[in-house]
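Peer 1: Adding 9 to a residue's 1-based position in the sequence shown gives its number in the working numbering.
Backbone N, C-alpha and C fix where the C-beta goes; we use that ideal spot for every residue, glycine too.
What follows is a structure written as structure tokens; I'll ask about it next.
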Amino acid sequence: FDMRSEPVRRACRWLRSVQNEDGGWGETCASYEADSERYSRGPSTASQTAWAVMGLINAGHARSPAVRRGIQYLVSTQTAEGTWNESAFTGTGFPCVFYLRYHYYRHYFPLWALAQYSAALAGEVRSAVTSARVQVSA
């Protein structure tokens, strides 16, 4: 899949446009109402922030301001126990009928996003070091 394609670029622009002031992302169940044609912005949640961050990282935007702000949100809202508090329903059962709260989303998605961010930055460092070695030994 071409991560530089127009649909991916459009999706990344949209993600950046709906980022909350606190650096996170959030959506309410109102997005699923029959008369709603738009996304319904909600308070930031750790799992929804992680999904947005991972999308941007995997599209090649690991060093973007939006990703940095999302990572800062995750780090600043992590509890002393190493997890995140999340009371919002972030899973759709049947829209407008019932919604789900997957209790482990708040644990593993933020950790996964932090790991992807770390790996993306480490990969850039490895690439730079490898390039420097090739240039030095040439």
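Give the single residue among L65, H70, V106 and F118 whose Cα lies nearest to the Cα of A39.
Peer 2: Stepping through the sequence shown from its first residue, residue 39 is reached at position 30. Among L65, H70, V106 and F118, the Cα nearest to that of A39 is on V106.
Peer 1: Rounded C-beta distance between Q57 and G91? I'm assuming under 8 angstroms.
Peer 2: Within the sequence shown, residue 57 is the residue found at index 48, counting from 1. Within the sequence shown, residue 91 is the residue found at index 82, counting from 1. The pair is not a contact, with the Cβ atoms about 19 angstroms apart (cut-off 8 angstroms).
Peer 1: Along the chain, where does the beta strand (DSSP E) that runs through T54 open and close?
Peer 2: In the sequence shown, the residue the question calls residue 54 occupies position 45. Segment R50 to T54, the beta strand (DSSP E) holding T54.
Peer 1: Would you mind sorting G33 into buried or exposed? The rule is 16 or more other CB atoms within 10 Å of its CB.
Peer 2: Indexing the sequence shown from 1 puts residue 33 at position 24. It is buried - the Cβ of G33 has at least 16 other Cβ atoms within 10 Å.
Peer 1: Can you find at least 3 beta carbon pairs, one from the segment 64-74 and one from the segment 95-111, that sit closer than 8 angstroms?
Peer 2: no
Peer 1: Judging by CA-CA distance, which residue of E95, L120 and P119 is the nearest neighbour of R110?
Peer 2: Along the sequence shown, read from residue 1 onward, the residue named residue 110 stands at position 101. Nearest of E95, L120 and P119 to R110, Cα basis: E95.
Peer 1: Give the DSSP bridge partners of W36, in chain order.
Peer 2: As a position in the sequence shown, residue 36 is number 27, starting the count at 1. It is Glu, not Trp, that sits at residue 36 in the sequence shown. In the DSSP output, where bridge partners are listed per residue, E36 has R50.
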